[in-house]
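Protein chains: 2
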Amino acid sequence: MEQNKKVTIEDIAARANVSKSTVSRVLTSTARVADDKRAAVLQAMSDLDYQPNIFARGLAGGQSMTIGVLTQNFGSPFYDAILRGILQGLDGSGYSAIFTDGRWARASEEEALRTMLGRQVDGIIVVGGYSDGATLAKVAAQAPLIVVGRKVAELADRCLWVDNFQAAYDATRYLLDNGHRRIAHIAGALAHDDAAARRDGYVHALEDAGIAVNGDWIIEGDFLSQSGLLAVEMLFTRGALFSAIFAANDQMAAGARLALHRRGIRVPQDVTLIGFDNVADAAYMIPPLTTVNQPAAEMGETAANAMLQLLKGKAIELPVFTTELVLRESVARLP
Amino acid sequence: MEQNKKVTIEDIAARANVSKSTVSRVLTSTARVADDKRAAVLQAMSDLDYQPNIFARGLAGGQSMTIGVLTQNFGSPFYDAILRGILQGLDGSGYSAIFTDGRWARASEEEALRTMLGRQVDGIIVVGGYSDGATLAKVAAQAPLIVVGRKVAELADRCLWVDNFQAAYDATRYLLDNGHRRIAHIAGALAHDDAAARRDGYVHALEDAGIAVNGDWIIEGDFLSQSGLLAVEMLFTRGALFSAIFAANDQMAAGARLALHRRGIRVPQDVTLIGFDNVADAAYMIPPLTTVNQPAAEMGETAANAMLQLLKGKAIELPVFTTELVLRESVARLP
DNA sequence: CATTTGTTTGAAAGCGGTTTCATACAGGGT
DNA sequence: ACCCTGTATGAAACCGCTTTCAAACAAATG
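Keeping their order, the protein sequence lines are chains A and B. Just so you know, the first sequence maps onto residues -13 to 321 in this note's numbering. Just so you know, the second sequence maps onto residues -13 to 321 in this note's numbering.
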């Protein structure tokens, strides 16, 4: 059952009465091969259930047919959606993805990048992360690089991102339009550019509406549910009398929701809640959460396709992804 | 910035005044090397920032230092937790993981397995999936194989699983102990062994309690939230007067929860709800969901470690993972 | 018919490591 | 001294495929 140990190109060559070279040629279709020989080779390959050895190929051709994906915090709904999109986009291309987890720590990220390079990946897709522009630029010099979910100044044309500032501004604006004036914000880890941009969007929307921003009403979380819960507790401790909360992501919104629930505060009748990301679960929160949609899977897929283009040596033009507010049931209109 | 194109073993050899062979020896530590030469080699390697070429190594040594992970439905919270565990377990071992998504379709699964084998992965970890035992056994003959989250008869000693029957039995039993007699079940896709086992556990618990099982009260879902919602609608359509619902996973429980919410039915005051998996979000549902915990990340990590053992040629002894009921706030005690 | 041009094909040289095998050398024993 | 062992090292073969290079042959040109 396993003596089919290794069928090599040579076996195929022998069976088809041609040389290795010819077999290789039909394999890579880099040169014209007479129809009959090509047929013979193909036949032999299927007869012997031939499977080219990726390593030999990689060694000789310099192509690994592998693209490395650096992700953070594997298992978070938003990033996973991006990853799924990447896998989807790579599907059928002959390229496989190898994942490494940077865990939101600069050191492991750089380590991960090194490993990938050492594995001769043909390209690298970086999803989020903290690694600085200079580091990424250096990596980009060694292999095609695409950054998704983040904007890096040094690599602007290789980044796939959404305008977090504008999205947060719009979300806040929506709250204002619904009559809310006392709006608290649960920010993400502010070391994140995304988190900072969202906070800024919130701040500017308030300012533009002529509302004084109260620093006490902005609590920094870490994007995890627990921090959303804690943030609400903190707000109460500070005596904040808010009518609405804008959370920088859905998970924190869920945490906030629970904190409110524990105090018997109804959403949206007593307090309005709005999230960010539109992860799958948001639609099943109680009540279903109004949130800002980021087309995560689509971004991942686009990243993969762009990478494929890059590998073919073509130029790429990255689209700007737009967010949109998904209206559900967690926002109340104030009289 | 990128002319360090390729530092090869030969460069190291030259710089350290030794032969390729010696360099290789210190690289793989397969043979004794004089201390001074070893030092010289090490020095040269760090001087030149040497990074061995994985492909050359794989070709020559037959080791790819890669382990393939076949997953399903990338992005589902439960499976992602397992994947995270795998990554964690592999960390620092020198092995990297390459992921492929089987999408819960037999055909793509087999396709994925083929690709992995073609990529000469050193081992394969299968997470869930439908592929039948015979297929997996065949794969196992070609590379070390570990199956997690599923029990395959042909490969019993290579499977990491939890006793779904017992877990479901216990969960149902818990409901019974709390005075519930009218318990509905939202099953997973029954083509899944897991889903079937959970359903059976539910059925047996009822029978053992002398309660007649009503087929109308068992609705088959597909493990996604939406199906949980639909299931509840279906139950109402069928006129089921249940006091509790046991959902085969947390996502369907969330869907069910929303359906109840829409009808103004309170949980747990009016209807009790219990889930399965204990995904991260379960603790943040409204109310926090009582559910069966499966140590997903731990299972993943164990799978990775077991794989590492297998690759070292050691025998493995897979632990049996136990589930436990996580008591939260979605279950009410009936008088 | 000789010569040029073009196309298909095979031989052979890598790609960068690992591993076998033989050699050189240092000790040990008698 | 002489032979036997044992060990560190280098030379060379090899892993399976890609790719250059040149040869062989066919067709086209004058």
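Each residue gets a CB set at the ideal place from its N, CA and C atoms; glycine is no exception.
Tell me which residues share the same chain as residue i and place their Cβ nearer than 8 Å to its Cβ, disregarding the 5 neighbours each side in the sequence.
i, result
"arginine 314 of chain A", "Ala268, Ala269, Pro273, Pro274, Leu275, Thr276 and Thr277"
"alanine 177 of chain A", "Tyr116"
"aspartate 33 of chain B", "Arg1"
"leucine 131 of chain B", "Gly109, Ile110, Ile111, Val112, Leu122, Val125, Leu141 and Arg144"
"methionine 238 of chain B", "Ile172, Gly174, Gly207, Phe209, Leu210, Ser211, Ser213, Gly214, Ala217 and Gly261"
Any C-beta of chain A sitting closer than 8 Å to the C-beta of residue i?
i, result
"aspartate 322 of chain B", "With chain B covering only -13 through 321, there is no way to say anything about residue 322 of chain B."
"isoleucine 231 of chain B", "no"
"glutamine 29 of chain B", "no"
"glutamine 295 of chain B", "no"
"arginine 70 of chain B", "yes"
"asparagine 39 of chain B", "yes"
"leucine 221 of chain B", "no"
"leucine 34 of chain B", "no"
"leucine 122 of chain B", "no"
"leucine 45 of chain B", "yes"
"leucine 99 of chain B", "no"
"valine 138 of chain B", "no"
If I measure Cβ to Cβ from residue i and keep anything under 6 Å in the same chain, skipping five residues before and after, which residues do I get?
i, result
"proline 254 of chain A", "Ser316, Val317 and Ala318"
"alanine 290 of chain A", "Ile72, Gly75 and Leu76"
"alanine 129 of chain A", "Gly109 and Ile110"
"alanine 217 of chain B", "Ile172, Ile205 and Gly207"
"aspartate 236 of chain A", "Gly261, Asp263, Val265, Ala268 and Thr277"
"glycine 54 of chain A", "Ile84, Met102, Val107 and Ile110"
"serine 229 of chain A", "His166 and Arg168"
"phenylalanine 60 of chain B", "Asp87"
"tryptophan 90 of chain A", "Gln58 and Asn59"
"tyrosine 81 of chain A", "Met51 and Ile53"
"valine 12 of chain B", "Val19, Arg24 and Val27"
Would you call residue i buried or exposed, if buried means 16 or more other Cβ atoms sit within 10 Å of its Cβ?
i, result
"asparagine 3 of chain B", "exposed"
"valine 306 of chain B", "exposed"
"leucine 320 of chain A", "exposed"
"leucine 227 of chain B", "exposed"
"threonine 258 of chain B", "buried"
"serine 15 of chain A", "exposed"
"glutamine 280 of chain A", "buried"
"glutamate 287 of chain A", "buried"
"glutamate 95 of chain B", "buried"
"arginine 184 of chain B", "buried"
Less than 7 Å between C-beta atoms, sequence neighbours within five positions excluded: which residues of the same chain meet that for residue i?
i, result
"isoleucine 197 of chain A", "Arg167"
"glutamine 106 of chain A", "Gly44 and Ser50"
"arginine 70 of chain A", "Ala283 and Gly286"
"serine 10 of chain B", "Ile(-5)"
"arginine 243 of chain A", "Val253, Leu259 and Met271"
Would you please verify whether the beta carbon of residue i is less than 8 Å from any beta carbon of chain B?
i, result
"aspartate 256 of chain A", "no"
"tyrosine 160 of chain A", "no"
"leucine 141 of chain A", "no"
"isoleucine 84 of chain A", "yes"
"arginine 144 of chain A", "no"
"aspartate 87 of chain A", "yes"
"alanine 42 of chain A", "yes"
"leucine 176 of chain A", "no"
"leucine 73 of chain A", "yes"
With hydrogens ignored, establish whether the beta-carbon of residue i is closer than 7 Å to any heavy atom of the ligand NAP.
i, result
"alanine 226 of chain B", "Looking at this structure, you won't find the ligand NAP or any other ligand, since it has none at all."
(message) Can you pull out the residues from the segment 102 to 116 of chain B whose beta carbon lies closer than 9 Å to at least one beta carbon of chain A?
(response) Correct list: Met102, Leu103, Gly104, Arg105 and Gln106.
(message) Along the segment 240 to 264 of chain A, where does the CB come closer than 8 Å to a CB of chain B? Name the residues.
(response) Listed in sequence order: Ala240, Gly241, Arg243, Leu244 and His247.
(request) Kindly provide the ranges of any alpha helix (DSSP H) runs that are 4 or more residues long and lie completely inside the segment 77 to 139 of chain B, ordered along the chain. (result) 92 to 104 and 119 to 128
(request) Note down, one range per segment and in chain order, each beta strand (DSSP E) of at least 3 residues found wholly within the segment 156 to 222 of chain B. (result) 169 to 173 and 204 to 206
(request) Note down, in chain order, all residues in the segment 49 to 66 of chain B with a beta-carbon under 8 Å from any beta-carbon belonging to chain A. (result) Ser50, Thr52, Phe60, Gly61, Pro63 and Asp66
(request) At 4 residues or longer, and completely inside the segment 286 to 318 of chain B: list those alpha helix (DSSP H) runs for me, N to C. (result) none
(message) Closer than 9 Å between beta carbons: that is the criterion. Which residues of the segment 267 to 280 of chain B meet it against chain A?
(response) Asp267, Ala269, Tyr270, Met271, Ile272, Pro273 and Pro274
(request) Select from the segment 4 to 23 of chain A all residues with a C-beta closer than 8 Å to any C-beta belonging to chain B, and list them in chain order. (result) Of all residues in the segment 4 to 23 of chain A, none has a C-beta nearer than 8 Å to a C-beta of chain B.
(request) Could you name the residues of the segment 297 to 320 of chain A whose beta carbon sits closer than 9 Å to any beta carbon of chain B, in the order they occur along the chain? (result) none
(request) Using a Cβ-Cβ cut-off of less than 7 Å, list which residues of the segment 187 to 219 of chain B approach chain A; keep chain order. (result) Hits within the stretch, in order: Ser211.
(request) Could you tell me which uninterrupted alpha helix (DSSP H) segments, each at least 4 residues in length, are contained entirely in the segment 41 to 77 of chain A, listed from first to last along the chain? (result) 63 to 76
(request) Kindly provide the ranges of any beta strand (DSSP E) runs that are 3 or more residues long and lie completely inside the segment 244 to 286 of chain A, ordered along the chain. (result) 258 to 263 and 276 to 279
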